[in-house]
Structure formats: structure tokens, C-alpha cells
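Single-structure report; data block below.
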Ligand code: GDP
Ligand code: MG
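Numbering (full-length UniProt numbering), first residue to last: 7 to 174.
What follows is the structure in C-alpha cells.
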């Protein structure tokens, strides 16, 4: 089994942290500053019967200039090559314009499973988690799966990996 998963989300939701946890190496540069990771960085998760290639898609917020515009286009082009897309949201912040910008573009992607990953669940109460999940189910896409996770603590990450491997 093998496949290709694109990780997408606005800056600081935890894309690099999740990638590093899965691949177990410091492959993506971690920073609180947006756009530090300028390239699509791949990590490969390998088990006895599966190989999953991940791509981190930085810089997918609203472009300010033509370089930004180019980066956004190259980031979104990766989505059309993927077998699955993981959209990551931050459980500790309300859904905002940065999230909506990406969700609007994901509406154009057809025939690819799109997962909603609500990250940083370690920072919120169960009640607030339900509220934030509900906010991503209104005026959005029909998510293939919804996974509350903590990339930093590892909560629900093995289950997420099991699910993606089974789906390939
Ligand atoms: P990216 O811009 O989407 O790649 O986000 P990063 O992976 O660089 O993470 C941004 C910040 O969020 C860093 O300070 C991380 O330590 C923090 N972070 C990432 N995942 C979690 C999580 O599950 N829980 C908490 N509390 N912090 C997290
Ligand atoms: Mg990053």
C-alpha cells in the first residue's frame, strides 16, 4: 500500500509539528513565523505494509504580491496530486478568514478524500472542542473524516495514521 497525503492549513496550526511526529525526524523547519518553510517538504511514513508520502503546504494564505501569488498556486497544485488531503485547524482559536480562504479553495478539489483535523485539543475543554468542530461543519465541505488530535502530545495520531493506511 502506498499513497500521497497533502497537509494544508493556515500558519501555526501545527502542520510541521504533526509531520515531525509522524516521520519522527526534524524534517520541517518549525517556527511561529509564517512562511519560514518555503518549499513543499516531504516526509515518508513507512510500516511493514504501507508507505505514505506527506507534503507540507506552506504559504497558503491570501497572497500580498506576485511572489505570494506564485507560492499559493504551487501550494494548491500539490492538492490535485494527492490521494488524500488533511486540512488542519487550530482548536484553540475560532475559525477565521485564513481558514475560510483555504476551505473555499478546497471546494474546487473533486474526488479526493478531505480530512478535517482539529489540532491542539490539549488546549481546550471537551465542550469548546464540540463548538469548534461544529463551526467547521457549517458552510464548509463534506469532510471525509473528522479527527480531533494533539500533534504535540500525540493524542489520536496513531488512530489517524491507521485510518489513512487502511484507506489506501
Ligand atoms: P505550522 O505553521 O502549521 O507548521 O505550525 P507549527 O508546527 O510550526 O506549530 C506552531 C506552534 O503551535 C508551535 O509553537 C507548536 O509547538 C504549537 N503546536 C503544534 N501542535 C500543537 C498541539 O497539538 N498542542 C499545542 N499546545 N501546541 C501545538
Ligand atoms: Mg510549518
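Even for Gly, the Cβ is constructed at its ideal location relative to N, Cα and C.
No residue range can be given for residue 131, since it is assigned to no beta strand (DSSP E) and is classified by DSSP as neither H nor E. For residue 21, the CB contacts under 7 Å within the same chain, skipping 5 residues up- and downstream, are 13, 15, 62 and 94 in chain order. DSSP places residue 9 inside the beta strand (DSSP E), whose first and last residues are 8 to 14.
The beta carbon of residue 119 sits closer than 6 Å to the beta carbons of 90 and 150 from its chain, once the five residues preceding and following it are set aside; these are given in chain order. Secondary structure of residue 174 (DSSP, three-state): coil. In the three-state scheme derived from DSSP, where H, G and I count as helix and E and B as strand, residue 159 is classed as coil. Under the DSSP definition of a beta bridge, residue 49 partners with 60. Around the C-beta of residue 96, 16 or more other C-beta atoms lie within 10 Å, and the residue is accordingly described as buried. Here the stretch 140 to 149 lies against the stretch 107 to 122, with 3 or more beta-carbon pairs under 8 Å apart.
Under DSSP, residue 152 takes part in a beta bridge, and its partners are 122. Remark: C-beta atoms of residue 55 and residue 171 approach each other more closely than 9 Å. Look at residue 158: its beta carbon is less than 8 Å from one of the heavy atoms in the ligand GDP. In this structure, 29 is the residue among 29, 7 and 52 with its C-alpha nearest to the C-alpha of residue 157.
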